[in-house]
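S.K.:
Numbering (the numbering used here), first residue to last: 3 to 131.
1. Taking the C-alpha atoms as reference points, what is the distance between residue 73 and residue 41?
2. Alpha carbon to alpha carbon, what distance is there between residue 54 and residue 97?
3. Would you kindly check if the distance between the Cβ of residue 114 and the Cβ of residue 24 is under 9 Å?
4. To which residues does DSSP link residue 91 through a beta bridge?
5. Per DSSP, residue 112 forms a beta bridge with which residues?
6. Nearest by alpha-carbon distance to residue 110: which of 126, 63 and 103 is it?
7. So the candidates are 82, 95, 43 and 80; which of them puts its Cα closest to the Cα of residue 71?
8. Looking only at its chain, what residues have a beta carbon closer than 7 Å to the beta carbon of residue 28, apart from the 5 residues adjacent to it on each side?
9. Cβ of residue 103 within 9 Å of Cβ of residue 83?
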């Protein structure tokens, strides 16, 4: 019973471990993602280079890359004095769901997309200064 209580308290307290993004992070970022290859169901797919735009709002992130637009919620974890890890759950409102991680650098005011499943890494510059 005591273990159950500890587990319950841990689960309730977990969301409070997340940090908040400074307001200076909110805005639009953009850059060019190099081409890359991914494997989907045993088939290799080549993705051409394309422009990527990320909008960080108080309650959601919007990702636009090529013809794809995803949006969703995010959680923030402060990694160091100048870096925040942003973990997002994005979807297109239909059948596509995607998890993306970003690192926002407060000092440089850039957003880094952490590569996943063969995706290229990319640094995005702030567009709306």
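The beta-carbon is built from N, C-alpha and C at its ideal position, and this holds for glycine as well.
M.R.: Short version:
1. Taking the straight line from one Cα to the other gives about 23 Å.
2. 21 Å
3. no
4. 75 and 101
5. 107 and 127
6. Taking only the C-alpha atoms, the option nearest residue 110 is 126.
7. The option with the nearest alpha carbon to residue 71 is 95.
8. 58, 59 and 60
9. no
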